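For the sequence shown, position 36 matches number 36 in the UniProt record's numbering, and the numbering has no gaps at all. Don't be surprised by glycine CBs; every beta carbon is placed ideally from N, CA and C. Keep in mind that this is a model prediction, so the values were computed, not measured.
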Amino acid sequence: MNLLVAGGCAGSISWMLTQPIDVIKTLVQSQSSETKRLSTMDVIRRQHALEGPKFLLKGFGATILRAFPVSAVTFLVYERSMQLMNSAELDLLMQ
C-alpha cells in the first residue's frame, strides 16, 4: 500500500510542476501553419491576455486524475519487478 501511495504522490507532484510547461508546449505546437507562427513568449502573452494566469492550469484536473493511479501502479510494478529479479539473481548465484 505504501508503494501505491508513494508512486501516486510522486506522479501527481511531477505533473503539478510540469503542467504549465506542457500547456505552453501544446499551445505553441498547435498553432496554424497557415498564419505567422508566434514565438513561445508571444503565445504566453496572448493566452495570458485572453484568460489570465489560469490558462497555465488548463486540463489540470484530468491530468491529476490520470497521473495518480498510473504512477501508483507503475511504481508498484517497477518495485516488485526489481524485487523478483534480485531474488532470481540471488538464486542463480547460490546454485
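Using the beta-carbon count (16 or more within 10 Å), is residue i buried or exposed?
i: residue 99; result: Shown here, the chain extends from 1 to 95; a query on residue 99 therefore has no answer.
i: residue 49; result: exposed
i: residue 52; result: exposed
Confirm, please, whether the CB-CB distance from residue j to residue i is below 8 Å.
i: residue 19; j: residue 57; result: yes
i: residue 3; j: residue 84; result: no
i: residue 7; j: residue 71; result: yes
i: residue 37; j: residue 29; result: no
i: residue 12; j: residue 68; result: yes
i: residue 43; j: residue 27; result: yes
So within the UniProt repeat "Solcar" (1-84), which uninterrupted alpha helix (DSSP H) runs reach at least 4 residues, ignoring any that extend past its ends? 2-29, 40-51
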